[in-house]
Every structure is written in C-alpha cells, then in structure tokens.
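For the sequence shown, this note's numbering gives the first residue as 27, with consecutive numbering after it.
Just below is one structure, and these are the notes that go with it.
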Amino acid sequence: MLTVCQNHIKNEISKASFVSVIADETTDVSSICQLVVVFRYVLSNGQPVERFWGFTNRPGHDAKSMAECIQASLEKVVAKPEKLISQSYGGTNVMSGQHAGVQVFIQCAYKNAQYAHCYAHQLNLIVGQATSQNQQVRVFFSNLSDITNFFNKSPQRIAILDETVRKRKTSWFSY
Numbered sequence: 027m028l029t030v031c032q033n034h035i036k037n038e039i040s041k042a043s044f045v046s047v048i049a050d051e052t053t054d055v056s057s058i059c060q061l062v063v064v065f066r067y068v069l070s071n072g073q074p075v076e077r078f079w080g081f082t083n084r085p086g087h088d089a090k091s092m093a094e095c096i097q098a099s100l101e102k103v104v105a106k107p108e109k110l111i112s113q114s115y116g117g118t119n120v121m122s123g124q125h126a127g128v129q130v131f132i133q134c135a136y137k138n139a140q141y142a143h144c145y146a147h148q149l150n151l152i153v154g155q156a157t158s159q160n161q162q163v164r165v166f167f168s169n170l171s172d173i174t175n176f177f178n179k180s181p182q183r184i185a186i187l188d189e190t191v192r193k194r195k196t197s198w199f200s201y
C-alpha cells in the first residue's frame, strides 16, 4: 500500500513546479528513533498539499547520515535538483546548523533548497508544556514513560513482554 501511495506522490510531484521537504525525528512505541519525511508542493489546480513519504531508519544520529537518508528519499521523487526550493526541520544543531547541519548537506546537492525552521516543532513543545500543567496528565505521561523505561532496561523483560503480547488474543469487537 505504501508503494501505491508513494507512486501517486511521485506522479503529483512530477507535475508540480516546486517541492519542499520536511523532516523530523520521532520515536515509535518500541522506542526506536526514526526519521519522518514529508513533501509539500502545489497541485496543478493550485491546492497546496503535504504528503507523508515514510519513516526512515538511519544508521547514525549525526548530520551527514541524516542528510543521506533525506537525500535517498529526495532522489526517488525529485528528478531535477533545482525543483527542491525549501527544506524544513526542527531547530536542533544537527538539523539546522549553519556549518555542518543537515540543511548544509542538502543545500550542497540542491542549490535552491532554502532552509526554514519548522514551527510545528515549537507547537509540540508548547502543547507539551501546557499539558504538563495538569497534574493528572503529568502523572499519566510519567507512568507511561516509566513503563517504557522499565522494559527498555532489560532485553529479558522485552522478550517476556513480546511473548505475552504474542499469546494474547485481542478481540477488537469487545471494545
């Protein structure tokens, strides 16, 4: 299904005049850090769209390896380097650093790709701060974090949890 969606996105981008890439790190439920890649462009009818491209496992946390992951996605979609006019990431030095950040590596390959800070990242921080003001919400997320930490500190605990989940039969109709 992802391949079908990605082919549709490729087709739309091939018809678009310009494209922008947005990327950020996220941690999934199994505490694996992945890079999320999203493309933004304008359809032929003038409608701007953002399309999720996919998650990428990257070999390292340094700017060069992250840039290589983003470039791998770009190479599948952007046929002409001059078509990429914008890149947007969170404000960490790895992503936005002016001398050795991801944005520098991308701009070397895509000369028109101007960097713009992703303000959605700030929105996530603000929402996080706002929810931390409610004690019940704070306790809930603290407990949730503690559960994750408990299992992640021991491969044996993770194996037991995986086995327990595998044995459990979930009936979604009972909810």
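Yeah, the Cβ is synthetic: ideal placement off N, Cα and C, and Gly gets one too.
The alpha carbon of Ala-93 has as its nearest neighbour, out of Arg-194, Val-130 and Ser-112, the alpha carbon of Val-130. Taken through DSSP and simplified to helix, strand or coil, Asp-188 comes out as helix. Counting every other CB atom within 10 Å of its CB across the protein chains shown gives Gln-113 a total of 16 or more, marking it as buried. A Cβ-Cβ separation of about 6 Å places Lys-109 in contact with Val-45 under the 8 Å criterion. Around the beta carbon of Leu-100, a 10 Å sphere encloses 16 or more other beta carbons of the protein chains shown; the residue is thus reported as buried. Per the coordinates, the alpha-carbon of Trp-79 lies some 15 Å from the alpha-carbon of Ser-40.
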